[in-house]
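Chemist: Using numbering that gives the first Met the number 0, the letters of the sequence shown map in sequence onto residues 0 to 129.
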Amino acid sequence: MSETMSNSSKEGELASSNLTIQSSASQFKRWGRKSPFIRYGIPFISLTVFGAVGLAHLLQGGKEVAKVKDDQEWQIIETTKALSRTGPVEGYKPKKISLEEELKVLQEKVDIDSYEYKRIPRPNDAKSDK
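1) On the three-state DSSP scale, how would you describe aspartate 112?
2) Less than 8 Å between the CB atoms is what I'm expecting for isoleucine 37 and tryptophan 30, so what's the real figure, rounded?
3) Under the rule that 16 or more other beta-carbon atoms within 10 Å means buried, what is serine 45, buried or exposed?
4) Taking just the CA atoms, how far does serine 15 sit from serine 1?
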């Protein structure tokens, strides 16, 4: 007996909460119909403002990443300068290469004067042979 009373009271509570939700929804719809600024303007303005804040946050994060990367490059430069004072970087001296020397080396490898003409078949030639 008490179970049926508790079930009926729960159903009554659910029905009343459903009714209040529906009435508040209908009030909201009426409110939106009366003033379109509330329905369209406020969401649009809030999207614009929050979007600008979000973009500013993302850009600031990108600047921080670039700053960290720049700091790392600066540390690498400083370490190479420190190594050059002690000597290991001084030990490596690349040879001076000139364009004229490179041209001579390439000319020795490739013989431009002796060549042979070879005909390249055209796409139309294959059709005409058939």
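We put the beta carbon where it would ideally sit given N, CA and C, even for glycine.
Computed from a prediction, not measured in an experiment: that's the story for all the values here.
Modeler: With the given structure in hand:
1) coil
2) Under the criterion of beta carbons closer than 8 Å, isoleucine 37 and tryptophan 30 qualify as touching, at roughly 6 Å.
3) exposed
4) Since pLDDT at serine 1 reaches only 49, below the 50 mark, its modelled position is unreliable, and the value read off the structure follows with that caveat. Each residue's alpha carbon lies about 21 Å from the other.
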